[in-house]
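**Q** What the sequence shown shows, in the working numbering, is residues 12 to 346, in sequence order.
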Amino acid sequence: MKIMITGSAGFIGSALALKLVDRGDEVIGVDNLNDYYDINLKKARLSRHINHNLYKHHYVDIEDREKLELVFKNDRPDIVVNLAAQAGVRYSIENPMAYVNTNLLGFANILEGCRNFNVKHLVYASSSSVYGSNSNMPFSVHDNVDHPLSLYAATKKSNELMAHTYSHLYNLPSTGLRFFTVYGPWGRPDMALFKFTKSIINGEEIPIFNYGKHKRDFTYIDDIVLGIIKVIDSPASPSSNWNSNDPDPGISSAPWRIYNIGNNNPVDLMDYVAALENCLGIEAKKKFLPLQDGDVPDTYADVESLIRDFNYKPDTKIVDGVKNFVNWYKDFYEC
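#1: Roughly how many angstroms separate the alpha carbons of V82 and H69, rounded to a whole number?
#2: Tell whether a beta-carbon distance below 8 Å holds between Y194 and N170.
#3: Leaving out five residues before and five after E294 in sequence, what residues of the same chain have Cβ atoms less than 7 Å from its Cβ?
#4: For V337, collect the residues of the same chain with a Cβ closer than 8 Å to its Cβ; drop the 5 residues on either side in sequence, then sort them by chain order.
#5: On the DSSP letters alone, give me the boundaries of the beta strand (DSSP E) that F220 sits inside.
#6: I'd like the ranges of any alpha helix (DSSP H) spanning at least 4 consecutive residues and lying wholly in the segment 217-276.
#7: Going by the beta-carbon positions, is the gap between R87 and F150 smaller than 8 Å?
#8: How should G40 be labelled, buried or exposed, when 16 other C-beta atoms within 10 angstroms of its C-beta is the threshold for buried?
#9: Please classify Q303: is it buried, with 16 or more other beta-carbons within 10 angstroms of its beta-carbon, or exposed?
#10: Hey, Y110 and T166: beta-carbon distance below 8 Å or not?
#11: By alpha-carbon positions, which one of N64, D306, I318 and A95 ends up nearest to A164?
#12: How long is the line joining the alpha carbons of L160 and W197, rounded to whole angstroms?
#13: Go ahead and pull the three-state DSSP assignment for A96.
#14: Taking all protein chains shown into account, do 16 or more other C-beta atoms lie within 10 angstroms of the C-beta of D5, making it buried, or fewer, making it exposed?
What follows is the structure, given as C-alpha cells:
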C-alpha cells in the first residue's frame with residue numbers, strides 16, 4: 012500500500028514509518044520539523060528511514076492547504092495516518108492558537124485531501140485527554156467526553172467530530188485512536204520520562220505534580236505502533252448496533268470508529284519514578300507540587316473494543332519499557 016504519515020519525524024510517526032517500509036509499504040512522510048522541541052532529535056529520527064527506497068519525504072506544514080493538496084495530488088496515498096499535531100496539555104494553556112491552527116485547521120486540510128483524492132482509510136491520533144473530568148474508570152469509548160479540561164483535549168475531541176462528519180457525508184472510512192501516555196526510546200523531550208531522566212542524571216529536582224498521587228496508563232511505543240498497523244489494515248465500517256434513539260458515542264451508522272490504545276494497567280506515578288531510579292541507579296531529588304491546570308489525576312484505558320475487533324492488547328511492562336528508554340537515552344546523549 013501507499014501510506015501517507017503526517018508527523019513522520021515525530022516520536023510515533025517515525026517509529027511507524029520504519030515498521031511500514033520494513034514490511035514493504037510505500038510511505039509518504041509529511042513533517043515540517045517545527046521547533047516545538049529539539050529539531051536535532053527530529054532529524055535523528057528521520058535519518059533512520061529518509062533514505063529508504065520505499066520512503067519519500069515532504070517538508071510541508073499541514074496548515075499549508077495548497078502545499079498539502081499538492082502532496083495528495085502528486086502522491087495519491089491509499090491510506091493516511093495523521094499524527095501531526097501540536098501536542099502537550101500544558102503548552103496549550105500558554106499558546107492556545109498553536110492548537111487551533113494545527114489541530115483544527117491542519118486537520119481540516121487532511122480531511123479535504125482525503126475526500127478529494129479518494130483515500131480509502133484515514134487513521135488519526137486522538138488522545139486520552141478527551142476524557143477530561145470523567146472519573147468513571149476505566150475510560151471507555153462508549154463514555155460521553157463533552158467535558159475536556161484543556162484546549163488540547165478539546166481539539167482532539169473536535170478531530171473526532173470532524174472526522175465523523177466526513178465519514179457520514181463522503182463515506183470516508185476513519186478511525187480515531189485515543190493514545191494513553193506513550194513512552195519509550197526516541198520519545199518527546201516534553202514528556203515526563205524524558206525530563207525526569209535528564210534532571211536525575213544532572214542532579215536536579217524533578218517536579219512531582221498532584222503530590223505523586225497520579226496514576227497513568229503508560230503505553231510503550233512498540234505497542235502503539237503495532238496497534239496502529241492493525242487498524243490501518245482494517246478500514247472502519249458502519250456499526251450494525253447503531254441506535255439513533257440511544258446514541259452510543261463509540262459507534263456510528265457511518266464508517267467511523269474510535270479506539271483506546273492503552274496498557275489497561277494504570278501505574279502509580281511514584282512507581283514509575285522508582286522504576287526510572289532503579290534503571291539509572293540514582294535516587295531522584297523530588298519536589299512535590301499540586302495538580303496542574305489541565306491535568307487529570309488518573310488515566311485508565313478500557314481496551315475491550317481493541318481486543319474484540321483486532322485480537323490485540325498492549326502488554327509491555329513498565330520495567331521493561333523504562334529500561335529500554337534509559338538505554339537509548341544514555342547511548343543517544345552519550346552519558
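No residue lacks a Cβ here, since even glycine has one placed at the ideal position from N, Cα and C.
**A** Answer, in terms of the structure:
#1: Taking the first residue of the sequence shown as position 1, residue 82 is located at position 71. Taking the first residue of the sequence shown as position 1, residue 69 is located at position 58. Looking at the two C-alpha atoms, the distance is approximately 8 Å.
#2: Mapped onto the sequence shown, residue 194 falls at position 183. Mapped onto the sequence shown, residue 170 falls at position 159. One thing to note: Y194 has its Cβ no nearer than 8 Å to the Cβ of N170.
#3: Along the sequence shown, read from residue 1 onward, the residue named residue 294 stands at position 283. Counting only residues of its own chain and dropping the five nearest sequence neighbours on each side, E294 has a CB closer than 7 Å to the CB of E288.
#4: As a working mapping, residue 337 is identified with position 326 in the sequence shown. Within the same chain, and ignoring the five residues on either side of V337 in sequence, the residues whose Cβ sits closer than 8 Å to its Cβ are T208, L287, C290 and L291.
#5: Along the sequence shown, one-based indexing puts residue 220 at 209. In the DSSP annotation of this structure, F220 is not part of any beta strand (DSSP E), being labelled neither H nor E.
#6: For the segment 217-276, whole alpha helix (DSSP H) runs of length 4 or above, ordered along the chain, are 232-243.
#7: Counted from its first residue, the sequence shown places residue 87 at position 76. Counted from its first residue, the sequence shown places residue 150 at position 139. No.
#8: By one-based count along the sequence shown, residue 40 stands at place 29. So G40 counts as buried.
#9: Counting from one through the sequence shown, the residue named residue 303 turns up at place 292. So Q303 counts as exposed.
#10: Within the sequence shown, numbered from 1, the residue matching residue 110 stands at position 99. Within the sequence shown, numbered from 1, the residue matching residue 166 stands at position 155. Contact flag set, yes.
#11: Taking the sequence shown and counting its residues from 1, one reaches residue 164 at position 153. Per the Cα distances, D306.
#12: Counting from 1 along the sequence shown, the entry for residue 160 is found at position 149. Counting from 1 along the sequence shown, the entry for residue 197 is found at position 186. Distance between the alpha carbons of L160 and W197: 28 Å.
#13: One-based indexing of the sequence shown puts residue 96 at position 85. If DSSP states are grouped into helix, strand and coil, A96 belongs with coil.
#14: As shown, the chain starts at 12 and ends at 346. That puts residue 5 outside it, with no answer to give.
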